[in-house]
Amino acid sequence: MSVGVDPAGLPSPVSVSSGDLHDASPVDAVAPCGTAVSVAAQQPVTFSERDRRFMALAQAAAEEARAAGEVPVGAVLVRGDEVIAKGFNHPIGGHDPSAHAEMAALRAASQTLENYRLPGCELYVTLEPCLMCAGAIMHARIARVVFGARDPKTGACGSVVDAFANPQLNHHTTVVGGVLEEECGAALRSFFADRRRASREARAALKNGSGAADVLKNNTPIN
Numbered sequence: 001m002s003v004g005v006d007p008a009g010l011p012s013p014v015s016v017s018s019g020d021l022h023d024a025s026p027v028d029a030v031a032p033c034g035t036a037v038s039v040a041a042q043q044p045v046t047f048s049e050r051d052r053r054f055m056a057l058a059q060a061a062a063e064e065a066r067a068a069g070e071v072p073v074g075a076v077l078v079r080g081d082e083v084i085a086k087g088f089n090h091p092i093g094g095h096d097p098s099a100h101a102e103m104a105a106l107r108a109a110s111q112t113l114e115n116y117r118l119p120g121c122e123l124y125v126t127l128e129p130c131l132m133c134a135g136a137i138m139h140a141r142i143a144r145v146v147f148g149a150r151d152p153k154t155g156a157c158g159s160v161v162d163a164f165a166n167p168q169l170n171h172h173t174t175v176v177g178g179v180l181e182e183e184c185g186a187a188l189r190s191f192f193a194d195r196r197r198a199s200r201e202a203r204a205a206l207k208n209g210s211g212a213a214d215v216l217k218n219n220t221p222i223n
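Residue numbering for the sequence shown follows the UniProt record's numbering, beginning at 1 and increasing consecutively.
If you want it as structure tokens, here you go:
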């Protein structure tokens, strides 16, 4: 695994799923914001200043992923008002398909707290967790998950499947979606738009027989 921990006890780069360069981004189609999903009440909610503040920190982590050439998804794990860990998407640079932002934050928090279970903790992430991350969240006994943009391709909090809604599960996590949804979605849309533009430039350079190598080198394809 490629997730390190910086001197402040927070993890360095981590990752998330992504589509092909020519596919739509995960947030090309999103449900209306302000909706609680899964085990949370299926009612519109008003987001607190606290939720917005922690989601803004997750957005900052997502920008670290973008700077590293990764899909910009970030996460922070908190207990009370304390940030225990953060993580961001890093599957490409880390050569690790499981290096999603949520996984990085969970791993770092477990090391910091010296416990593989994290009861009483909340996870804030800029994109709806996938099925892999949902499973890890449940195993970690996270009390509450708050996400920003919805993912109609791989979202496991109601968009594609609802991993948290099964009443037979031995642990139930409250899930709320749509916090700073527009801002989180805009960051992803911008990233995928840049990648599609780079792909077009690379194809044009190949057609012209010049400059393609530099274009491709500076724009790592999304797996």
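Ideal placement from N, C-alpha and C gives every residue a C-beta, glycine not left out.
- Per DSSP, reduced to three states, the secondary structure at R107 is helical.
- Rounded to the nearest whole angstrom, the CA to CA distance from A198 to A65 is 18 Å.
- Straight-line spacing of the CA atoms in L123 and V160 works out to 20 Å.
- Remark: C-beta atoms of T154 and A62 do not approach each other more closely than 7 Å.
- Take A134, set aside five residues on each side of it, and the residues of its chain with a beta-carbon closer than 8 Å to its own are A156, C157, A163, F164, in chain order.
- Within the same chain, A140, R141 come within 7 Å of R117 by CB-CB distance, once the 5 residues on both sides are set aside.
- For the options G120, A60, M103, T112, the alpha carbon positioned closest to that of P72 is the one of A60.
- For R52, the CB contacts under 8 Å within the same chain, skipping 5 residues up- and downstream, are V179, L180 in chain order.
- Nearest to D151 by alpha-carbon distance, out of A136, N170, L131, is L131.
- Cβ atoms of I137 and T112 stay farther apart than 8 Å, at about 17 Å.
- Taken through DSSP and simplified to helix, strand or coil, A62 comes out as helix.
- For T46, the closest C-alpha among the options G177, C184, H95 is that of G177.
- Residue burial annotation: K86 is buried, with at least 16 other C-beta atoms found within 10 angstroms of its C-beta.
- Cβ neighbours of E102 within its own chain (closer than 6 Å, five residues either side excluded): A75, V125, P129, C133.
- At a Cβ-Cβ threshold of 7 Å, T173 and V145 count as neighbours.
- Around the C-beta of N89, 16 or more other C-beta atoms lie within 10 Å, and the residue is accordingly described as buried.
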